[in-house]
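> Below you'll find the structure I mean.
Number of protein chains: 2
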Amino acid sequence: MITFKQMEALFWIAELGSFAAAANKLNTTQSAVSKRIQELETGFGIAIFDRSRRTARLTEKGEELLLLARDLLERRDRVVERVSAKEVLARRFRLGVTELTALTWLPALIDEIRAHYPRLIVEPEVELSSVLFERLAEDSIDLIVTPDVFHDARCIVTPLKRVENAWMCTPALATATLGPHPPRRLPLAGLSAFTVLTQGNLSGTGVVYGRWFRQNGMPTVHSLSSNNLVAQLGLTLSGLGITYLPVHTLRPLLRRNLLQIVETDPPLPDIPYAALYRAEHASTLCADVAAFAAQRCDFTSPLMSAGTQTGGGEKPGRALPGPARGRRAP
Amino acid sequence: MITFKQMEALFWIAELGSFAAAANKLNTTQSAVSKRIQELETGFGIAIFDRSRRTARLTEKGEELLLLARDLLERRDRVVERVSAKEVLARRFRLGVTELTALTWLPALIDEIRAHYPRLIVEPEVELSSVLFERLAEDSIDLIVTPDVFHDARCIVTPLKRVENAWMCTPALATATLGPHPPRRLPLAGLSAFTVLTQGNLSGTGVVYGRWFRQNGMPTVHSLSSNNLVAQLGLTLSGLGITYLPVHTLRPLLRRNLLQIVETDPPLPDIPYAALYRAEHASTLCADVAAFAAQRCDFTSPLMSAGTQTGGGEKPGRALPGPARGRRAP
DNA sequence: CATTCTTACGTACTGCGTAAGAATG
DNA sequence: CATTCTTACGCAGTACGTAAGAATG
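Protein chains in written order, with our numbering: chain F, 674 to 1003; chain A, 674 to 1003.
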């Protein structure tokens, strides 16, 4: 009597505000959607929508049913996910990462995921940590990999590697600023001799280090703030100033003397990375991906070896939302 | 992709042990059931049944899915019940009562239910309280009306009227046993002069009074025990002994001097009745029926007015499990 | 060899799409 | 009058039933 299709129709009408939009979303026609709702209404003997106006407005009973339908659909999805063989689990998986991950081991992670879940459509998104956290909180993303800055109790946190950062600039700038006989370890205050490039407090690393700077009495220096790691790197390579950058990732550039490390006293603390997903999803899928992340996490970058071209981190083409399942017009 | 029909197939196969039985239950053919399962299996990419033997055995994944399917079906039912207009809510409602209720206000209760839920198929069952409790605990009955003897925390208890009982026997027996000038109030011990008919401890009233007898030092007297109220009444009317019987119900027989009350000191306590249903069902339906019960509860009996014919309490014919919905062979 | 599930095949019916209709702002 | 939902109607594809096949105990 009652079917998932009917509930999906209800859900998407409520979500998108019109029968037409829902029909489009469900790859079917307004007519079909209308009838699914009518089936529900006659089946339950209630009015779900108030048709006195042109716009679709839920009745009170309709609102109640919507909540229940949403729950039922959600549970169905969870059942599908829990019980599906990995080889056939076809769904979107929205994976959020920060730039550093995008530049380094994101391809490896996606490979790993696709090896285990070949039908999964992985949609990576590169954003600042703060944005990723928001997206996770509002449930518009499934799993994120970011610096482990905030802890939300409703998240399951899988610790990954720690990222070792160091202050870096061009050798020329170092010599020009510190002279030919620089101290073995520069006190933090000594950094004020440089133009310091930092990351804003929208970035997890920026937040951690901003806090640390304050705790360690680092003076607020003449600094530029950027939210883009690649831009930051480019500015640094051009000799504009000094920045904290991930050591392992930039090892090739250090080797080729395009950059050099300026050791400080105290040295920068490491940034712990973690994979996070919402606890209430409690899905094997998320847990598995987190495990893959723990396994493949590696902030060394093959990209860097090829020269100063650091234009990685491009998003793969977003997969289409599945072939039309209905009998759509050709 | 995944449908309720498929899950129902799975559920009933597990429940009944074979594809054929499930098909029968679902008003369809083995073939159809088999295919519904196959759809699930290919859809999920898993094996649900182990076909190496002839008998249908669930695989591990199958067991997991069964649990999830059961939950989903249960939730669907709850949605249907919650949101359905009362006029269209068609389901079975198994109502358990004791004999006393069956003899008195059960018809009034059923009328009330049917007035509010015209499509509901009410299936009354008359059993001893202990059986009713069991049935409620094992969830094979929806709501029971019994003496309020046991309290299970998982039940929602709606108190109803209290039943006033008194010791009764034929006037002839009273005179023969107590003489022409009986005491106004017979001490409990005085009952040992009679053959005492009691109800066994499978009956709620029997349990309450058994307890009370022990507390009030009533001697274990020469007694007969019966679990059938009508039989008890018949034996009493034939002058065999003395019994506790509901005063209001038997008022007509008392008026016509077929029975008389033997007042005791102390008098029998009242028996509180209650409607009980499982808390986890939390259904409007059960709550409504309990409210109807509270409203219509009335232990006076129109049956008794017609003479000694007390052959009420017959179960109405059990309704058929709905007309075939599928396309069954004619 | 009886029972239980699967497979094959033709069919019936549900539910879909097209297109026209009604109602609203 | 454009937009939004409903209705009518014919069609298509799914899912069903029959009946035969395979496998098990």
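The beta-carbon is built from N, C-alpha and C at its ideal position, and this holds for glycine as well.
Tell me, please, whether the CB atom of A/LEU746 is closer than 7 Å to any CB atom in chain F?
For A/LEU746, the answer is no, since every Cβ of chain F falls outside 7 Å of its Cβ.
> Since A/ARG755 meets chain F, which of its residues come closer than 9 Å, beta carbon to beta carbon?
Those are GLU737, LEU738 and LEU741, listed as they occur along chain F.
> Counting only the same chain and skipping the five closest in sequence on each side, list residues whose C-beta sits under 6 Å from that of A/ILE719.
LYS734
> Cutting at 8 Å between CB atoms, please list the residues of its own chain near F/ARG1049, excluding the five before and the five after it.
Nothing in the structure corresponds to residue 1049 of chain F, since chain F is present only between 674 and 1003.
> Output yes or no for whether 7 Å exceeds the beta carbon distance between A/SER623 and A/ASN900.
Lying outside 674 to 1003, the shown extent of chain A, residue 623 of chain A is not represented and no answer is given.
> I'd like to know if the region 826-846 of chain A and the region 925-945 of chain A are in contact, where contact means that at least 3 CB-CB pairs between them fall below 8 Å.
yes
> Under 7 Å between C-beta atoms, does F/ILE719 make it to chain A?
yes
> Under 7 Å, do A/ALA729 and A/ILE686 count as touching if we go by C-beta distance?
yes
> With a cut-off of 8 Å, do at least 3 Cβ pairs link the region 846-856 of chain F to the region 946-965 of chain F?
The answer is no - the region 946-965 of chain F does not touch the region 846-856 of chain F, with fewer than three Cβ pairs under 8 Å.
> In the DSSP assignment, what are the bridge partners of A/MET841?
A/THR916 and A/ILE934
> Could you tell me which of F/LEU689, F/ALA845, F/LEU902 and F/ILE675 sits nearest to F/GLN872, measuring between CA atoms?
When C-alpha distances from F/GLN872 are compared across F/LEU689, F/ALA845, F/LEU902 and F/ILE675, the shortest belongs to F/LEU902.
> Tell me which residues of the region 674-708 of chain A have at least one Cβ-Cβ distance to chain F shorter than 8 Å, keeping chain order.
MET674, ILE675, THR676 and PHE677
> Which of the three DSSP states, helix, strand or coil, is assigned to F/PRO820?
Reduced to three states, the DSSP call for F/PRO820 is strand.
> Around the Cβ of A/GLN968, are there at least 16 other Cβ atoms within 10 angstroms (buried) or fewer (exposed)?
exposed
> Could you check how far apart the C-beta atoms of F/PHE722 and F/THR732 are, in whole angstroms? I think they sit under 8 Å.
7 Å
> Return yes when the Cβ of F/ILE829 is within less than 7 Å of the Cβ of F/TYR950, no when it is not.
yes
> Does the Cβ-Cβ distance between F/GLY883 and F/ASN874 come in under 7 Å?
yes
> Go to A/ILE786, then tell me how far its alpha helix (DSSP H) extends in each direction, as first and last residue.
A/ILE786 -> alpha helix (DSSP H) spans 779-789.
> Return the chain-ordered list of same chain residues with a C-beta closer than 7 Å to the C-beta of A/ARG765, the five sequence neighbours on each side being excluded.
ILE794 and GLU796
> As a quick exercise: from A/GLU760, A/VAL761 and A/GLU737, pick the residue whose alpha carbon is nearest that of F/VAL753.
A/GLU737
> In angstroms, rounded to a whole number, what distance separates the CA positions of F/GLN982 and F/ASP821?
Note that F/GLN982 has pLDDT 45, beneath the 50 cutoff, so the model's placement of it is unreliable and no number is given.
> Just to confirm, is the Cβ distance from F/ILE915 to F/VAL869 under 7 Å?
yes
> List the residues of chain F whose Cβ lies closer than 9 Å to the Cβ of A/GLU760, in chain order.
Here the neighbours are GLY718.
> Going by C-alpha to C-alpha distance, which of A/TRP778, A/ASP812 and A/GLY769 sits closest to A/VAL799?
Of the residues A/TRP778, A/ASP812 and A/GLY769, the one whose Cα lies closest to the Cα of A/VAL799 is A/GLY769.
> Relative to the C-alpha of A/ALA826, which residue among A/VAL818, A/THR774 and A/ALA810 is closest?
The candidate whose alpha carbon is nearest that of A/ALA826 is A/ALA810.
> Would you list, in chain order, the members of the region 760-788 of chain F that have their beta-carbon closer than 9 Å to a beta-carbon of chain A?
Answer in chain order: GLU760, VAL761 and LEU762.
> How about F/LEU739 and F/LEU816: do their beta carbons lie closer than 7 Å?
no
> By the criterion of Cβ-Cβ separation under 8 Å, what are the contact partners of F/ARG724 in chain A?
Within chain A, no residue comes near F/ARG724; the closest Cβ sits about 17 Å away, beyond 8 Å.
> Starting from A/SER704 and walking both ways along the alpha helix (DSSP H), at which residues does that stretch end?
703-717
> Closer than 7 Å by C-beta to F/SER974: which residues in its own chain qualify, once you throw out the five before and the five after it? Chain order, please.
LEU776, THR777 and THR922
> Applying a beta-carbon distance threshold of less than 8 Å, which residues of chain F neighbour A/ARG749?
ILE675 and LEU745
> Against F/VAL830, what residues of chain A qualify as contacts under a CB-to-CB distance less than 8 Å, listed in chain order?
In chain A, no part has a C-beta under 8 Å from the C-beta of F/VAL830; the shortest such distance is about 27 Å.
> Would you mind working out which of F/ALA849, F/PRO940 and F/LYS678 sits nearest F/LEU713, comparing C-alpha positions?
Comparing Cα-Cα distances from F/LEU713 to each of F/ALA849, F/PRO940 and F/LYS678, the minimum goes to F/LYS678.
> F/THR893: buried (16+ other C-beta within 10 angstroms of its C-beta) or exposed?
exposed
> So who's on the other strand from F/LEU859, going by DSSP bridges?
The partner list for F/LEU859 (beta bridge, DSSP) reads F/THR937.
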